[in-house]
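Working notes, beginning with the structure itself.
Number of protein chains: 2
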Amino acid sequence: MTTEYSGAGDPAKSLELLWGLQTPPTRGPKPALTVSRIVASAIAIADAEGLPAMSMRRVADELGVGAMTLYRYVPGKSELLDVMLDTVYGELPRRQLDGDWRAKLDIVARENRELYLRHPWLLQVATSRPPLGPHLMAKYEYELSAVEGIGLTDVEMDAVVALVNGYVHGAVRSAIEAKHVIQSSGITDEQWWRAHEPLLQKIGDAARFPLASRVGTAVGIEFNAAYDSDHGFEFGLARVLDGVAALLVGRPG
Amino acid sequence: MTTEYSGAGDPAKSLELLWGLQTPPTRGPKPALTVSRIVASAIAIADAEGLPAMSMRRVADELGVGAMTLYRYVPGKSELLDVMLDTVYGELPRRQLDGDWRAKLDIVARENRELYLRHPWLLQVATSRPPLGPHLMAKYEYELSAVEGIGLTDVEMDAVVALVNGYVHGAVRSAIEAKHVIQSSGITDEQWWRAHEPLLQKIGDAARFPLASRVGTAVGIEFNAAYDSDHGFEFGLARVLDGVAALLVGRPG
DNA sequence: TCCGTACTGGGTACACTGTACGAGAAGGCG
DNA sequence: CGCCTTCTCGTACAGTGTACCCAGTACGGA
Numbered sequence: 001m002t003t004e005y006s007g008a009g010d011p012a013k014s015l016e017l018l019w020g021l022q023t024p025p026t027r028g029p030k031p032a033l034t035v036s037r038i039v040a041s042a043i044a045i046a047d048a049e050g051l052p053a054m055s056m057r058r059v060a061d062e063l064g065v066g067a068m069t070l071y072r073y074v075p076g077k078s079e080l081l082d083v084m085l086d087t088v089y090g091e092l093p094r095r096q097l098d099g100d101w102r103a104k105l106d107i108v109a110r111e112n113r114e115l116y117l118r119h120p121w122l123l124q125v126a127t128s129r130p131p132l133g134p135h136l137m138a139k140y141e142y143e144l145s146a147v148e149g150i151g152l153t154d155v156e157m158d159a160v161v162a163l164v165n166g167y168v169h170g171a172v173r174s175a176i177e178a179k180h181v182i183q184s185s186g187i188t189d190e191q192w193w194r195a196h197e198p199l200l201q202k203i204g205d206a207a208r209f210p211l212a213s214r215v216g217t218a219v220g221i222e223f224n225a226a227y228d229s230d231h232g233f234e235f236g237l238a239r240v241l242d243g244v245a246a247l248l249v250g251r252p253g
Numbered sequence: 254m255t256t257e258y259s260g261a262g263d264p265a266k267s268l269e270l271l272w273g274l275q276t277p278p279t280r281g282p283k284p285a286l287t288v289s290r291i292v293a294s295a296i297a298i299a300d301a302e303g304l305p306a307m308s309m310r311r312v313a314d315e316l317g318v319g320a321m322t323l324y325r326y327v328p329g330k331s332e333l334l335d336v337m338l339d340t341v342y343g344e345l346p347r348r349q350l351d352g353d354w355r356a357k358l359d360i361v362a363r364e365n366r367e368l369y370l371r372h373p374w375l376l377q378v379a380t381s382r383p384p385l386g387p388h389l390m391a392k393y394e395y396e397l398s399a400v401e402g403i404g405l406t407d408v409e410m411d412a413v414v415a416l417v418n419g420y421v422h423g424a425v426r427s428a429i430e431a432k433h434v435i436q437s438s439g440i441t442d443e444q445w446w447r448a449h450e451p452l453l454q455k456i457g458d459a460a461r462f463p464l465a466s467r468v469g470t471a472v473g474i475e476f477n478a479a480y481d482s483d484h485g486f487e488f489g490l491a492r493v494l495d496g497v498a499a500l501l502v503g504r505p506g
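Line by line, the protein sequences are chains A and B.
Under our numbering, residues 1 to 253 are what the first sequence spells out, in order.
Under our numbering, residues 254 to 506 are what the second sequence spells out, in order.
And the structure:
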């Protein structure tokens with residue numbers, strides 16, 4: 001299983017692709033493909049079969065062309081990933097944000113969560129300083145607008161947005177991976193803990209990890225129950241937003 | 254560039270390795286290697302050259318044996334990664350936690366941060382439900398002890414620990430990736446934004462993203478300055494802990 | 001109209017990856 | 001000693017991204 005890096009390719013090349021800056025040539029045969037068709041295929045494969053299945057040959061097969069043909073449109077796989085990222089960012093609704101900052105950040109968090117659930121492979125792409133595509137720019141602008149004018153410095157605004165985005169990223173990743181493990185193994189968390197109790201007892205002192213086994217079992221039961229899995233997400237998000245609220249106490253805004 | 258999954262191998266096999274449950278045979282030639290030597294080599298390579306450089310052949314070369322020899326000691330690369338994870342978790346100091354819950358969580362967060370900075374490849378390993386090695390168990394137990402007896406339910410204790418760990422993970426990842434990009438490209442964030450200003454102006458309406466460019470520039474300057482890079486970490490951590498504090502208001506503990 | 005030339009398509013090849021298989025060597029036990 | 005377990009590791013296979021190069025296409029200028 002592999003995960004990829006964004007921004008690993010030539011930034012200038014990626015930017016040209018992202019903003020559609022390459023001027024189409026007048027001579028020569030008409031291209032059979034377009035970058036967006038390639039990107040759409042790649043996203044479809046990643047959505048359906050995961051990021052590791054998205055190889056250049058696989059995408060090319062899907063489009064009915066040879067593998068090397070893709071390199072006429074995209075400098076390499078890294079740049080393809082960059083464009084995939086920016087493309088799915090374009091799916092975000094970016095509706096009008098109403099209410100106070102908390103309501104706005106709440107919506108932002110939920111929209112990002114939906115996006116991650118729709119494209120789980122996003123969670124496997126490292127996205128620090130990705131090439132600034134138009135949709136990523138718009139996403140950043142949109143998210144900053146949620147905390148504009150509430151008394152934060154510019155740097156604090158960025159930090160708060162990053163904090164919320166980071167939380168959503170982590171929370172969704174945990175949830176998805178837990179679901180995957182349960183699906184692939186057919187073993188729930190609770191069953192897993194129970195199955196390993198004998199092992200844990202055999203390993204030296206069973207009382208060495210009292211908190212871990214008590215809490216671990218409780219969490220397993222909770223997740224195993226027909227418990228609303230959104231609840232865990234809500235809990236963490238509320239904590240993060242409470243933390244931001246504490247920062248704003250006593251500030252004008 | 255590739256990243257790996259933990260827990261992708263046979264859990265039972267990983268557990269046997271992690272807890273050292275295999276009984277050494279009496280017959281046959283003496284093994285030339287040990288699992289811990291293999292793991293130490295693998296960790297050294299991953300530390301020095303990154304996770305993608307840690308291939309089975311590379312580790313075998315380092316140890317002066319054939320690639321397939323490793324498979325006598327470790328079922329596969331996934332299980333090797335599991336043991337690597339548990340081994341570095343064993344490096345955590347786990348000193349006596351003093352003070353109130355906030356001081357304790359603060360220490361936990363800092364210790365985890367140090368670990369990530371020492372072994373950046375940890376950030377590229379997906380660790381949801383990794384095989385329960387002895388050191389991971391100890392880590393979990395230690396972290397739970399920071400929030401034990403302060404009025405949280407078991408499930409809340411797990412959620413708070415996961416929240417803090419998730420924050421540290423995300424914050425360190427951002428910091429490390431930002432540093433990598435600056436090192437490899439020689440371009441600071443500020444220079445990057447300035448260099449792309451003409452591009453952004455050329456793209457339709459330059460005023461389309463006023464917040465993004467203002468805040469982006471401010472953040473770039475801040476990071477570029479000889480500004481203590483720990484400051485950003487502190488800010489986010491304080492927000493997270495404030496959020497936990499808000500949860501505890503009015504509870505006995 | 002016709003050719004040169006810019007361009008596209010894609011086959012082949014290379015250096016990698018993890019690891020299945022199986023042959024040969026080594027060494028404790030009856 | 002001989003058996004049988006165990007260890008080492010060469011070879012092989014199905015993948016990966018992509019560099020290189022040749023063949024075919026179609027427009028611009030003559």
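We treat Cβ as the ideally placed atom computed from N, Cα and C, and that holds for glycine.
CA-CA distance, GLU475(B) to VAL168(A), rounds to 25 Å. Residue burial annotation: GLY133(A) is buried, with at least 16 other C-beta atoms found within 10 angstroms of its C-beta.
Counted as a single uninterrupted DSSP element, the stretch harbouring ASP353(B) is not any alpha helix (DSSP H), since DSSP gives it neither H nor E. The three-state secondary structure of PRO373(B), taken from DSSP, is helix. When C-beta atoms of the region 142-150 of chain A are compared with those of the region 74-89 of chain A, fewer than three pairs fall below 8 Å, so the two segments do not count as touching.
Inter-residue distance for LEU18(A) and PRO384(B) is about 41 Å (C-alpha atoms, whole angstroms).
For LEU304(B), no alpha helix (DSSP H) segment is defined, and its DSSP state is neither H nor E. A direct Cα-Cα distance of roughly 29 Å separates ALA42(A) from PRO373(B).
Distance from the CA of MET56(A) to the CA of ALA159(A), rounded to the nearest whole angstrom, comes to 36 Å. With respect to chain B, the C-beta atom of PHE235(A) has a partner C-beta closer than 8 Å.
Close to LEU248(A), with beta-carbon spacing below 8 Å, lies no residue of chain B; the smallest spacing is near 10 Å. VAL215(A) reaches chain B at LEU397, ASP407, MET410 and ASP411, counting residues in chain order whose Cβ is nearer than 7 Å.
LEU334(B) and VAL378(B) do touch by the CB rule: their CB atoms are close to 6 Å apart, below 8 Å.
Among the CB atoms of chain A, one or more fall inside 8 Å of the CB of VAL493(B). Separation of ASP407(B) and GLU396(B) (C-alpha to C-alpha, rounded to the nearest whole angstrom) is 13 Å. Interface residue (Cβ-Cβ distance to chain A less than 8 Å): SER427(B) is classified as such. Shortest Cα-Cα distance from GLN96(A) to any of GLY243(A), LYS139(A) and ALA245(A) involves LYS139(A). Annotated three-state conformation of SER55(A) is coil, per DSSP. In the DSSP assignment, ARG239(A) falls within the unbroken alpha helix (DSSP H) covering 230-248. Interface annotation, VAL59(A): not in contact with chain B, CB-CB separation never under 8 Å.
For ALA471(B), the residues of chain A that pass the 9 Å Cβ criterion are THR153, ASP154, VAL155, MET157 and ASP158, in the order they occur in the chain. In the three-state DSSP reduction, GLU401(B) falls in the coil class, being neither helix nor strand. With a 10 Å radius around the Cβ and a threshold of 16 neighbouring Cβ atoms, SER174(A) comes out buried. If you draw a 10 Å sphere on the C-beta of LYS77(A), you find 16 or more other C-beta atoms in it, and that means buried. A Cβ-Cβ separation of about 6 Å places ARG355(B) in contact with LEU494(B) under the 8 Å criterion. In the DSSP annotation of this structure, the continuous segment of the alpha helix (DSSP H) that includes TYR89(A) starts and ends at 77-89. Comparing C-alpha distances from ARG214(A) to each of VAL472(B), ALA498(B) and GLU394(B) shows the shortest one belongs to GLU394(B). Excluding its 5 nearest sequence neighbours in each direction, MET54(A) has C-beta neighbours in its own chain below 8 Å: ALA42, ILE45, ALA46 and TRP121, listed in chain order. Take GLY236(A), set aside five residues on each side of it, and the residues of its chain with a beta-carbon closer than 7 Å to its own are TYR167 and ALA171, in chain order. A direct Cα-Cα distance of roughly 22 Å separates ILE291(B) from LEU370(B). Neighbours of GLU222(A) in chain B, taken as residues whose beta carbon is under 7 Å from its own, are VAL408 in chain order. At a beta-carbon threshold of 9 Å, the residues of chain B lying near VAL244(A) are ARG492, ASP495 and GLY496, ordered along the chain.
Interface with chain B (8 Å Cβ-Cβ cutoff): ALA212(A) is included. From the listed residues ALA285(B), PRO346(B) and HIS433(B), the smallest Cα separation to VAL318(B) is found for ALA285(B). Annotation: Cβ neighbours of TYR393(B) in chain A (cutoff 7 Å, chain order): ALA212. Our two residues, LEU211(A) and LEU338(B), have alpha carbons roughly 21 Å apart in a direct line.
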